[in-house]
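A.B. asks: Under the working numbering, the first residue of the sequence shown is numbered 87, with each subsequent residue one higher. The beta carbon of each residue, even a glycine, is placed where N, CA and C say it ideally should be. What you are looking at is a predicted structure, and each value in this text was computed from that prediction instead of being measured.
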Amino acid sequence: MPEPNRPPWRVSGDIADRSIGQLVDGGVGLVLDCESCPNIVTWTPAEIGRRLRRHADKSLGWIGPRLRCSRCNSEWVRISRAPTDVATSAAGPVIVRPQRPKA
Ligand SMILES: [Zn+2]
């Protein structure tokens, strides 16, 4: 298990204070990385807008504690900025192999 003395969710990089609306407007995608199983999902800006439209004024710091892994229901989900070259799919979230976004 991950270390206990921190909240289970984690937002990496400079995006924690961004609102959902700012991410969508800025064309920023997200990688949601479960720390309890191999599940990693990439959300394109369009996907973020579709899923979180009602929360456009909320920050990722607000969203983080409310996320659960779609596979194992763990709350240990790490949020990071998607690489800009991530595949875009109109069909929905793209499952990608584990990779670390550039710092
Ligand atoms: Zn999981």
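Taking 7 Å as the cut-off, is the CB of Gly122 close to at least one heavy atom of ligand 1?
C.D. replies: Here residue 122 refers to the residue found at position 36 of the sequence shown. Checking the sequence, you will find Ser at residue 122 rather than Gly. For ligand 1, at least one heavy atom lies less than 7 Å from the Cβ of Ser122.
A.B. asks: Any heavy atom of ligand 1 within a distance shorter than 7 Å of the CB on Arg152?
C.D. replies: As a working note, residue 152 is residue 66 in the sequence shown. No - ligand 1 has no heavy atom lying nearer than 7 Å to the Cβ of Arg152.
A.B. asks: Based on the DSSP secondary-structure assignment, which residues constitute the bridge partners of Asp119?
C.D. replies: On the sequence shown, residue 119 is found 33 positions in, with the first residue counted as 1. Asp119 is bridged to Ile126 and Arg164.
A.B. asks: What's the gap between the Cα of Gln108 and the Cα of Asn159?
C.D. replies: In the sequence shown, counting from the first residue as 1, residue 108 sits at position 22. In the sequence shown, counting from the first residue as 1, residue 159 sits at position 73. Straight-line Cα distance between these residues: approximately 27 Å.
A.B. asks: Just mark Trp95 as buried or exposed, buried being the case when its beta carbon has 16 or more other beta carbons within 10 Å.
C.D. replies: The residue you call residue 95 lines up with position 9 of the sequence shown. The residue in question, Trp95, is buried, as its Cβ has 16 or more Cβ neighbours within 10 Å.
A.B. asks: Check whether the Cβ of Ser160 lies closer than 7 Å to any heavy atom of ligand 2, and answer yes or no.
C.D. replies: Absent from the structure shown: ligand 2. Ligands present: ligand 1.
A.B. asks: Residues in its own chain within less than 6 Å of Leu138 by CB, not counting five upstream and five downstream?
C.D. replies: Here residue 138 is taken as the residue at index 52 of the sequence shown, counted from 1. So the list reads Ile106, once near-sequence residues are dropped.
A.B. asks: Can you name, in chain order, every residue of its own chain whose Cβ lies under 6 Å from the Cβ of Asp103, other than the five neighbours on each side?
C.D. replies: Translated into the one-based positions of the sequence shown, residue 103 becomes position 17. Excluding positions up to five away in sequence, the list reads Ser145.
A.B. asks: If you draw a straight line from the alpha carbon of Val163 to that of Gly115, how long is it in whole angstroms?
C.D. replies: Reading the sequence shown from its first residue, position 77 is the one you call residue 163. Reading the sequence shown from its first residue, position 29 is the one you call residue 115. Going by the C-alpha atoms only, they are around 16 Å apart.
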